[in-house]
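Chains as they are written, first to last, in my numbering: chain A, 86 to 338; chain B, 10 to 604. Every residue gets a Cβ at the ideal spot worked out from N, C-alpha and C, and that includes glycine. What you are looking at is a predicted structure, and each value in this text was computed from that prediction instead of being measured. What follows is one structure encoded as structure tokens, with my remarks underneath.
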Amino acid sequence: MKNKIILFLLFLISFANASESIDATFKKANDLYNKGDYEQALQSFESIANKGNESADLYFNIANCYYKLGKVAPSIYNYEKALLLNPDDEAIQTNLSFAQKTAIDDIKILPEVGFKKMVKEFTSTFYYDTWAWIAVFIAFLSLLSFLGYYFGNTVFLKRTFFSLFLLFLIGIGVTVFSAFLQKKFDTNYNPAIVFSESTTLKAEPKNSSEDVVTLHEGTKVFVLEELGNWKQVELTDKTKAWIDKEAIREVKE
Amino acid sequence: MKKIVLGLIFFLSFSVSAQVKFEAKTERNSYGINENIQLVFIINNEGDNFEPPKFEGFKISGPTIFKGQDEETFYVNGKITHKRKVYTKYYYYLTPTKKGTFTIGSATIEYNGTIYKSQPIKITITDPIQLPNYQGQNPRQRQQNYDFGEGIHLVGELSTKNPHVNEPVTVIYKLYFPYNSSVSNFRNFQAPKYEDFWSQYIDMKQLRAEKGKYNGKDYGVVVLRKVILYPLEAGAKKIEPFKIDVDAEVPTGRSDWFGRLEMKTVEKSLSTGIQTINVKPLPENGKPVSYTGAVGKYDFKVTPSKTTLKAGESLDLEVSVSGKGNLKLFTLPKPVVPSALEMYDPAHTENVQTPVTGMVGKISDKYTIIPQFKGKYTIKPIEFSYYDLASKSYKTITSKEITIDVAEGDATFVANTPSTNKQVIQKKEVFQLNKLKTEFVSASREDFLGSGLFYSLLLAPLLLIPIVMIAKKQKEAKDADVVGNRVRNNNRLVKKYLSEAKKQMGDKVPFYMAMEKALHNFLKAKLHIETVEMSKDNIIELLQQRNASEESINRFMELMNDCEFARYAPATDTAMNNDFDRAITIISELEKQLK
């Protein structure tokens with residue numbers, strides 16, 4: 086029994102040590118970055134990521150290293166990864182635009198329009214898990230307001246609580262719906278970055294097919310489907326074509 | 010007599026059938042392979058829908074259609090009749106492509122709804138005839154040509170007969186003539202078109218006769234023209250004959266009065282034969298991806314005019330290839346630049362000389378690049394590949410990577426900024442520094458949405474609603490049960506007062522009061538009576554009705570009496586203890602009996 090407790094304590098200590106050393110590595114890597122030793126900094130940052138840790142800031146720093154080393158595709162790739170975790174960070178957006186300027190292709194970005202855009206804008210207010218927690222919270226509020234209605238002893242109280250109860254029920258519906266919709270949008274949102282220096286997109290998934298467009302390193306595409314060695318992608322200007330699977334890397338991988 | 014009539018009929022019918030005649034004609038039946046054959050289809054009338062036969066083994070040009078009419082005058086029985094004869098001729102010029110005997114099939118033509126066919130003709134094509142002088146138009150001259158100037162040759166000399174695609178081939182056209190003749194007045198140069206070749210002439214400024222050898226004999230030779238050819242595609246390619254007309258002064262073989270050879274000037278048309286060049290394709294093996302068709306020996310350079318500049322300024326990027334080879338026949342590789350560098354279409358310059366050995370010089374594309382934003386941009390290395398004829402292999406030259414450092418421009422390059430009098434303060438975009446602190450999460454997280462916890466937490470409050478409703482209903486039902494409630498209440502009071510009595514043990518008055526209350530409440534609960542109805546007789550009667558045993562009833566009544574009296578009589582602790590025990594016993598006894 087004693088032994089077990091000691092073992093457990095040791096485990097706790099080692100665990101604490103491990104997390105401490107990650108923070109230390111992070112700090113050390115930042116120091117290396119500030120000294121201009123981008124290669125070493127990059128290695129340290131990546132060692133943290135390789136241990137199964139992630140954060141928007143980590144990917145951001147990795148991307149900065151790649152940018153400083155002049156590697157377009159990996160830097161854009163990591164900025165996109167950081168943006169997935171923290172979509173509203175201005176620093177990430179700014180540096181991503183810097184990296185995009187060093188990319189070769191300049192493809193128009195066609196904005197989405199109409200009702201779908203409004204729905205997307207609404208559901209993307211929160212991450213889908215946040216939506217889920219909000220739904221749970223509202224469910225409890227609705228219980229409370231029901232109790233208020235049920236045990237309220239004046240007409241006014243009963244009326245107020247009953248309307249609140251109805252309101253919260255609608256709230257549950259909306260939030261749960263938003264959560265699942267957002268999750269669906271999220272799974273359908275598969276950005277990928279072109280890693281190969283230059284690759285030709287085809288109209289059909291075979292080499293002999295007609296060329297659609299030639300893309301270069303660092304261009305962002307959205308993966309729709311996969312077939313054999315090909316992936317169907319959509320460009321930001323809504324062009325759809327097939328790309329060699331090896332030429333791109335999906336940001337969500 | 011009959012025979013005459015028959016003969017007449019025959020004659021008439023013949024003349025009728027001879028009215029429309031359609032035939033094919035050539036001058037001879039046998040031609041040299043280097044000769045042109047004139048083939049003519051003649052119909053002695055107007056014809057429609059002329060259909061030529063297939064000319065296998067020949068290249069054809071034509072038809073040239075010639076329509077004409079003759080007028081004939083007849084004297085018949087002292088009368089003069091004019092008859093117009095219309096005829097149509099279709100001329101074809103055939104160039105043989107191989108030796109052998111060929112049959113030219115029937116051509117068809119339609120006249121007045123009847124279709125006429127020509128007779129097929131046979132033509133034999135023999136070895137080339139070294140007297141390409143059938144060009145002359147009158148037979149007399151042709152006759153002369155046969156006799157005179159036999160030793161004059163026009164030859165096209167090829168530097169190689171088996172070049173690669175895009176390897177230069179030099180053709181030198183030379184005129185050989187015997188020493189005893191002279192040639193002059195070169196005219197009617199008819200150069201071939203050199204299809205499938207890129208060609209460049211080098212005209213001789215001065216034609217000079219030199220000594221030369223042809224077929225082992227001494228000849229005078231004049232170089233007429235040099236042509237550089239670059240084959241554009243692989244395969245057996247023909248070079249059409251080169252033709253000129255000259256005046257040749259040739260000896261007639263007779264001597265004049267003074268013993269000098271008599272010379273005669275003849276007009277001669279000369280032609281080289283058709284020559285075939287076997288163009289070899291470039292090896293597919295090891296062909297670089299960046300190969301665009303350059304063959305020769307080259308140097309490749311990419312030079313920017315400057316590498317540090319401000320946004321909005323321009324720089325020139327020169328992509329140049331210099332050396333020897335098919336300089337005009339390939340495209341220069343295009344540089345690939347980041348989207349922030351605006352690159353305009355290049356200015357192409359060629360500085361190429363073409364001596365006999367092939368093109369030499371430099372071609373370049375000059376791109377103007379204007380960086381739009383501050384930053385460091387790299388122009389990727391550019392590859393240029395060519396086929397090296399000397400080593401018979403592909404060579405690739407890769408330029409160096411060029412880094413362009415763009416500083417913030419003086420005039421910030423912002424398009425579509427509305428000009429206002431106010432000074433616009435623009436947010437300066439700066440490359441952001443690393444984040445110094447972060448909180449890590451595990452890369453493999455579970456989703457909350459859709460998990461069991463999510464569903465239970467979401468549904469729990471909603472399920473609680475009916476539960477609450479049911480609970481409340483039950484409570485109301487209980488509240489509605491008045492008698493039951495009273496019983497429960499009295500039972501509760503029994504316990505309450507008993508425990509109070511136990512507490513007051515030793516203190517006589519409160520103890521017995523509590524005991525009394527406990528007993529009363531017990532009766533209230535069991536017998537459903539109120540305090541008012543509580544007379545001793547009534548109690549006994551009710552207890553009996555409820556099947557309580559006589560003994561228990563007596564003991565209960567006794568205890569009640571005792572409690573009543575004890576309040577006013579002195580009592581000991583022992584008595585109190587005793588009474589309390591008795592109360593517990595009797596209450597549990599009656600409890601069992603009163604059901």
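If you draw a 10 Å sphere on the C-beta of B/HIS529, you find 16 or more other C-beta atoms in it, and that means buried.
No Cβ of chain B is located within less than 8 Å of the beta carbon of A/TYR162.
Chain A has a Cβ within less than 8 Å of the Cβ of B/PRO470. Those residues of the stretch 183-216 of chain A placed with their C-beta closer than 8 Å to a C-beta in chain B are PHE183, GLN185, LYS186, THR187, ALA188, ILE189, ASP190, ASP191, TYR213, ASP214 and TRP216, ordered along the chain. Going by DSSP, B/MET524 is part of the alpha helix (DSSP H) stretching over 517-536. When rounded, the separation of the alpha-carbon atoms in A/PHE207 and A/GLU175 is 20 Å. For B/SER39, the enclosing beta strand (DSSP E) stretches over residues 39-41. Per DSSP, the beta-bridge partners of B/ASN360 are B/LYS371. Taking C-alpha positions only, B/PRO347 is separated from A/THR299 by approximately 14 Å. Its Cα nearest to that of B/LEU241, the residue B/VAL304 stands out among B/VAL304, B/ASN197, B/LYS222 and B/ASP227. Not a single CB atom of chain A sits nearer than 8 Å to the CB of B/TYR353. Within the stretch 450-476 of chain B, the residues whose Cβ lies closer than 7 Å to any Cβ of chain A are, in chain order, VAL450, SER451, ALA452, SER453, ASP456, PHE457, LEU458, PHE463, LEU466, LEU467, PRO470, LEU471, LEU473 and ILE474. Counting only runs that start and end inside the stretch 29-100 of chain B, the beta strand (DSSP E) elements of at least 3 residues fall at 31-35, 39-41, 46-52, 57-60 and 67-85. Counting other Cβ atoms within 10 Å of its Cβ, A/ILE194 stays below 16 and is therefore classed as exposed. Take the alpha-carbon of B/TYR125 and the one of B/THR90: they are about 28 Å apart.
Around the Cβ of B/HIS357, a 10 Å sphere holds fewer than 16 other Cβ atoms; the residue is exposed.
Exclusion of the five residues before and after B/ALA416 leaves THR317, LEU318, LYS319, ALA320 and LYS383 as the residues of its chain whose Cβ lies within less than 8 Å of its Cβ. DSSP, read as helix, strand or coil, puts B/MET352 in strand. The beta strand (DSSP E) runs lying completely inside the stretch 223-304 of chain B and spanning 3 residues or more are 226-240, 244-248, 252-264, 270-280 and 284-288, given in chain order.
Burial state of B/PHE31 is buried, judged by a 10 Å Cβ sphere holding 16 or more other Cβ atoms. At a C-beta separation below 7 Å, A/LEU228 has these neighbours in chain B: PRO470, LEU473 and ILE474. Residue state for B/GLY321 is assigned as coil, using DSSP reduced to three classes. Counted as a single uninterrupted DSSP element, the beta strand (DSSP E) harbouring B/ARG196 occupies residues 191-199.
Our two residues, A/ASN146 and A/PHE130, have alpha carbons roughly 8 Å apart in a direct line. For A/ALA158 against A/ILE278, the beta-carbon gap comes to about 6 Å, under 8 Å, which counts as contact. Chain-order list of chain B residues neighbouring A/ALA264: LEU458, by C-beta distance under 7 Å. With respect to the 8 Å criterion, B/VAL174 and B/VAL288 are classified as neighbours on the basis of their beta carbons. If you look at A/LEU286, you'll find it in the beta strand (DSSP E) that goes 283-287. Within the same chain, ILE253 come within 6 Å of B/PHE198 by CB-CB distance, once the 5 residues on both sides are set aside.
Nearest in C-alpha terms to B/ALA452, of all of A/ALA224, A/SER160 and A/LYS166, is A/LYS166. With fewer than 16 other CB atoms across the displayed protein chains lying within 10 angstroms of its CB, B/ASN294 is exposed. The closest CA to that of B/VAL503, considering only B/THR594, B/MET524 and B/GLN483, is found on B/MET524.
Any Cβ of chain B closer than 8 Å to the Cβ of A/SER140 would place that residue at the interface, and such an atom is present. Annotation: B/SER400 is outside any beta strand (DSSP E) and is labelled neither H nor E by DSSP. The contact set of B/ALA349 on chain A, defined by CB atoms closer than 8 Å, consists of LYS186 and THR187 in chain order.
The shortest CA-to-CA distance from B/LYS511 to any of B/ILE562, B/ASP582, B/SER558 and B/PHE574 is the one to B/ASP582.
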